[in-house]
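S.K.: Dumping the structure here so I can ask a few things about it.
2 protein chains.
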Amino acid sequence: MKFCSECAHPVALMTPPGDNRLRYVCSQCGVIHYQNPKLVVGAIPVWDQDGDTQVLLCRRAIEPRLGYWTLPAGFMENEETTADAALRETVEEAGANIQLHDLFSMMNVPHVHQVHLFYRATLLDLNYLAGIESLEVAMFTESTMPWKDIAFPTVTETLKHFFADMRKVREGAPFGFHARDIMKPMRAATE
Amino acid sequence: MKFCSECAHPVALMTPPGDNRLRYVCSQCGVIHYQNPKLVVGAIPVWDQDGDTQVLLCRRAIEPRLGYWTLPAGFMENEETTADAALRETVEEAGANIQLHDLFSMMNVPHVHQVHLFYRATLLDLNYLAGIESLEVAMFTESTMPWKDIAFPTVTETLKHFFADMRKVREGAPFGFHARDIMKPMRAATE
């Protein structure tokens, strides 16, 4: 941020009176430009048949992580709920018809100023179709899942929790809710 | 938003190519200024003694809802996790020492572009002290709670769920996780 979005005056990075953090502040009109984390919301679209659980993934057609696989997800928009966002992103990226269930995971990613939410969902039919942000859309079981080519750690963590919970659910347990923090990997001490 | 924060040129409200929403776009440098919902995160600080469950509330010293009671909560900051935010806000607004437990509620408030999260917490001592954003800090049981003077519907909903869960917890059940959408009240049809 270089200029005030209200008056076009250059902003300065400073700690406002009564605050304890650096903010972009306009010395002309006095506006403080707060910057806050964004929500990324998505779904875990599940197709369950003959005891074979498959999850729908999208291969990314855009950066970051072009070519890698992800659950359908994206930035939540103003005026929508988290469930609205999960449904919308699943339609936009995978053209998939889903029924949404409970929130399954919440993953903090503080170094990129994001919180990721994933809802469990049932895939209602197999008429999915890659949207413009996806190269392809496909379904995977736990064993066919492209574990080494998943785009984001929050998706890997969510999928691992999902398949672990599925084993318990088959024995009568309910699904859990999984909250995790994904911290920036530390460099090895010898580097 | 009136001016581009990157180049100070006036922005226009338009739907960028490949998008389907109005955004503030700079015709000079091409930057699209996305605006997204913010997270408000707080705690339910509980003092439990002799079967008497009290919850700590703060009376707001600032607008909006000056003079009304709220759980300690505020806007999540970049570089922190949701749990960090709940702890920080509880210290800032109530000077309270707490131990944080699981996420208890997630409330969408789409008409103000917010998602509110509340964590259950144990108050570790009674050395709390109103911060500069609070007029006073006090503990209430379910029956002494100032129900008509609660600042925000997300706080009322969270407190109602909390006391309802407490009755089940005393009989051995676990706490639930409560997700709700608080929609803007519709005007009566006759108005």
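Order-wise, the sequence lines are chains A and B.
Numbering-wise (this note's numbering), the first sequence opens with residue 1262 and increments by one.
Numbering-wise (this note's numbering), the second sequence opens with residue 1262 and increments by one.
Each residue gets a CB set at the ideal place from its N, CA and C atoms; glycine is no exception.
1. With burial defined as no fewer than 16 other Cβ atoms inside 10 Å of the residue's Cβ, what is the status of I1293(A): buried or exposed?
2. Just the C-alpha distance for T1417(B) and V1307(B), rounded to the nearest angstrom, thanks.
3. Under 8 Å, Cβ to Cβ, is there at least one residue of chain B near V1430(A)?
4. So with Cβ pairs under 8 Å, would you call L1274(A) a contact of chain B?
5. Buried or exposed: which applies to N1281(B), given that a residue is buried once 16 or more other Cβ atoms fall within 10 Å of its Cβ?
6. Apply the 10 Å Cβ neighbour rule to N1453(A) and answer buried if 16 or more other Cβ atoms are within range, or exposed otherwise.
7. Taking 8 Å as the threshold (beta carbon to beta carbon), is D1280(A) in contact with chain B?
8. Which residues does DSSP list as the beta-bridge partners of W1330(B)?
9. Which residue comes first and which comes last in the alpha helix (DSSP H) that contains R1349(B)?
10. Cβ of H1374(B) within 8 Å of Cβ of P1298(B)?
11. Against chain A, does D1442(B) count as a neighbour if the rule is that its beta carbon must be under 8 Å from one of theirs?
12. For the segment 1382-1397 of chain B against the segment 1350-1368 of chain B, are there 3 or more C-beta pairs whose distance is under 8 Å?
13. My parser needs the alpha helix (DSSP H) runs of 4 or more residues fully inside the segment 1359-1413 of chain B; what are they?
14. Of all the options S1288(A), L1364(A), I1323(A), which has the alpha carbon lying nearest to the alpha carbon of T1276(A)?
15. Would T1331(A) and F1413(A) qualify as a contact pair, given that the criterion is a beta-carbon distance under 8 Å?
16. Could you list which residues in chain B have their beta carbon closer than 9 Å to that of T1343(A), in chain order?
17. Could you tell me whether the Cβ of K1445(B) comes closer than 8 Å to any Cβ of chain A?
18. Between L1300(B), M1367(B), P1278(B), which has its C-alpha nearest F1423(B)'s C-alpha?
19. Among Q1360(B), P1371(B), R1381(B), which one has its Cα closest to the Cα of F1438(B)?
20. With 8 Å set as the bound, which would you pick, yes or no: does the beta-carbon of N1388(B) sit closer than that to a beta-carbon of chain A?
21. Using a 10 Å radius around the Cβ and a threshold of 16 neighbouring Cβ atoms, would you call L1283(A) buried or exposed?
22. Apart from the five residues just before and just after H1377(B), which ones in its own chain have a Cβ nearer than 6 Å to its Cβ?
23. Is P1446(B) helix, strand or coil when you go by DSSP?
24. Alpha carbon to alpha carbon, what distance is there between I1305(A) and P1407(A)?
25. Give me the Cα-Cα distance between A1346(A) and D1311(B), rounded to the nearest whole angstrom.
26. Got a sec? Which residues, its chain only, sit under 6 Å from G1335(A) by beta carbon, not counting five neighbours each side?
27. Here's the rule: buried if 16 or more other CB atoms are within 10 angstroms of the residue's CB, otherwise exposed. What is A1344(A)?
28. Quick check on S1266(B) - is its C-beta less than 8 Å from some C-beta in chain A?
29. DSSP three-state call for P1325(B): helix, strand or coil?
M.R.: Put simply:
1. Classification for I1293(A): exposed.
2. Going from the Cα of T1417(B) to the Cα of V1307(B) covers about 16 Å.
3. Judged by the 8 Å Cβ criterion, V1430(A) is not in contact with chain B.
4. Chain B, which has no Cβ nearer than 8 Å to the Cβ of L1274(A), makes this no.
5. Exposed, because fewer than 16 other Cβ atoms sit within 10 Å of the Cβ of N1281(B).
6. Since the first residue of chain A shown is 1262 and the last is 1452, residue 1453(A) is not available in this structure.
7. Taking Cβ atoms only, chain B never reaches closer than 8 Å to D1280(A), which makes this a no.
8. Answer by DSSP bridge pairing, in chain order: R1320(B), I1411(B).
9. That run of the alpha helix (DSSP H) goes 1343-1355.
10. Yes; because the gap between Cβ atoms is below 8 Å, this pair is in contact.
11. At a cut-off of 8 Å between C-beta atoms, D1442(B) counts as an interface residue with respect to chain A.
12. The segment 1382-1397 of chain B vs the segment 1350-1368 of chain B: in contact.
13. The segment 1359-1413 of chain B contains no complete alpha helix (DSSP H) run of 4 or more residues.
14. Nearest option by C-alpha distance: S1288(A).
15. Cβ atoms of T1331(A) and F1413(A): closer than 8 Å.
16. Against chain B, the beta carbon of T1343(A) has neighbours under 9 Å at P1298, M1367, N1369, V1376, A1440, D1442, listed in chain order.
17. No, no contact with chain A.
18. Measuring from the Cα of F1423(B), the nearest candidate turns out to be M1367(B).
19. The option with the nearest alpha carbon to F1438(B) is R1381(B).
20. Chain A, which has no Cβ nearer than 8 Å to the Cβ of N1388(B), makes this no.
21. By the Cβ-count criterion, L1283(A) is exposed, with fewer than 16 other Cβ atoms from all chains shown falling within 10 Å of its own Cβ.
22. Hits under 6 Å: V1301, M1368, T1415.
23. Assignment of P1446(B) by DSSP, reduced to helix, strand and coil, places it in the coil class.
24. Taking the straight line joining both Cα atoms gives about 15 Å.
25. So the alpha carbons of these two residues sit roughly 44 Å apart.
26. Excluding five sequence positions before and after G1335(A), the CB atoms of its chain that fall closer than 6 Å to its own CB belong to E1350, given in chain order.
27. Classification of A1344(A): buried, given that the 10 Å Cβ count is 16 or more.
28. At a cut-off of 8 Å between C-beta atoms, S1266(B) counts as an interface residue with respect to chain A.
29. In the three-state reduction of the DSSP assignment, P1325(B) falls in the coil class.
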